[in-house]
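Note sheet for the following structure.
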């Protein structure tokens with residue numbers, strides 16, 4: 118009996134070592150994907166990362182795997198534990214980026230998962246703030262936060278993300294993801310009320326030399342962000358010269374929509390309604406800009 122117990126322990130130990138070995142290999146390849154000096158090798162490493170991670174996520178016990186040691190891939194789990202997003206990017210020599218992602222969705226059967234590959238289509242899109250997109254038309258970004266919002270039996274997953282954009286400017290964005298009855302995914306929904314129209318997603322562009330805060334405050338139930346302004350009035354519309362001006366705006370969740378409020382006070386996270394405005398273009402990209 119003791120011999121049988123030892124065999125089980127040894128086999129379990131070998132299985133865990135094999136799992137650890139695969140994740141170590143994944144991190145090593147992902148590190149090369151970000152840091153190799155040769156652009157073609159970075160892209161080749163990305164292909165390896167994509168295939169290896171896909172195979173890992175297809176395994177029945179993959180949901181229990183910890184990816185905390187994988188520093189080169191962002192991993193986010195939805196608040197309701199329905200899905201996870203695995204997200205990464207490849208930097209190019211010209212200062213631009215391309216983004217990649219896999220979504221692992223829990224299927225109806227126990228220990229069964231659906232893995233959806235995201236295709237970055239952002240360079241082909243115009244007027245992206247007003248479009249619903251599929252996984253094959255994804256506006257690529259590196260996500261760092263997921264919110265869950267419900268209204269009239271609909272569930273919206275709100276995504277906050279970063280886009281390196283160019284060598285001169287960065288972007289942050291707020292997007293929305295929905296999951297269909299067949300576990301298909303779509304991005305973008307007309308939830309963002311800026312006082313003039315409903316946007317499907319919101320973009321913020323600023324100088325590469327500065328950082329911008331975009332975060333969710335649970336107590337106020339709003340997404341608060343730096344108001345962006347040009348360094349000089351003559352540079353209006355040239356977003357590589359935009360940066361925070363030490364004031365804040367917000368999108369507040371109200372009756373199934375995010376309503377825009379300008380000049381909100383973030384020093385106290387208590388009750389604070391801010392000022393709703395009819396012209397909230399401050400810091401938001403105008404129509405025609407991605």
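Residue numbers (the numbering used here): 118 to 407.
Where is the CB? At the ideal position from N, CA and C, for every residue including glycine.
Report all residues from its chain with a CB closer than 7 Å to the CB of residue i; omit the five preceding and five following residues, and keep chain order.
i	result
residue 187	140, 143, 144 and 147
residue 156	209 and 210
residue 195	263, 265 and 274
residue 269	373
residue 74	Residue 74 is absent from the structure shown; the chain starts at 118 and stops at 407.
residue 360	323, 324, 327, 345 and 348
residue 197	265
residue 59	Examination of residue 59 is not possible in this model, given that the chain is present from 118 through 407 alone.
Cβ of residue i within 7 Å of Cβ of residue j?
i	j	result
residue 313	residue 339	no
residue 337	residue 260	no
residue 278	residue 306	no
residue 311	residue 330	no
residue 324	residue 358	yes
residue 252	residue 233	yes
residue 282	residue 289	no
residue 381	residue 363	no
residue 263	residue 273	no
residue 341	residue 293	no
residue 189	residue 151	yes
residue 286	residue 378	no
Between the options, which lies nearest to residue i when the distance is taken from Cα to Cα?
i	options	result
residue 178	229, 158 and 355	229
residue 241	234, 231 and 255	255
residue 162	201, 171 and 207	207
residue 250	185, 288, 296 and 361	296
residue 375	235, 362 and 291	291
residue 266	373, 149 and 377	373
residue 200	185, 209 and 174	174
residue 332	367, 298, 361 and 345	367
residue 284	334, 326, 235 and 171	326
residue 169	181, 138, 335 and 271	138
residue 86	248, 167, 271 and 197	Because the chain in this structure spans residues 118 to 407, residue 86 falls outside the shown range and cannot be described.
residue 271	280, 248 and 298	298
Counting only the same chain and skipping the five closest in sequence on each side, list residues whose C-beta sits under 8 Å from that of residue i.
i	result
residue 120	Reliability of the predicted coordinates at residue 120 is poor, the pLDDT of 47 falling under 50, and no value is obtained from them.
residue 224	230, 231 and 300
residue 171	219, 232 and 234
CB-CB under 6 Å to residue i, same chain, minus the five flanking residues each way: which ones, in chain order?
i	result
residue 316	246 and 309
residue 184	192
residue 149	162
residue 165	146
Say the cut is 6 Å; is the CB of residue i nearer than that to a heavy atom of the ligand FMN?
i	result
residue 199	This structure lacks the ligand FMN; in fact it carries no ligand of any kind.
Query raised in the report: Between the region 346-353 and the region 315-323, do three or more beta carbon pairs fall short of 8 Å?
Result: The region 346-353 vs the region 315-323: no contact.
Query raised in the report: Using 8 Å as the Cβ pair cut-off and three pairs as the minimum, do the region 201-219 and the region 233-240 touch?
Result: Verdict: yes, contact present.
Report task. Tell me the start and end of each unbroken beta strand (DSSP E) in the region 284-310 that is at least 3 residues and wholly inside, in chain order. Result -> Within the region 284-310, the complete beta strand (DSSP E) runs of at least 3 residues are 286-296 and 302-304.
Query raised in the report: Hey, which unbroken runs of the alpha helix (DSSP H) at 4 residues or more fall wholly within the region 238-262?
Result: Entirely contained in the region 238-262, not one alpha helix (DSSP H) run reaches 4 residues.
**Report entry** Within the region 306-386, ranges of the beta strand (DSSP E) (whole runs, at least 3 residues)
**Finding:** The region 306-386 contains these whole beta strand (DSSP E) runs: 319-324, 331-334, 339-347, 359-371 and 374-379.
Query raised in the report: What beta strand (DSSP E) runs, 3 residues minimum, are completely inside the region 132-206?
Result: Every beta strand (DSSP E) of 3 residues or more that sits fully in the region 132-206 is shown, in chain order, as 191-194.
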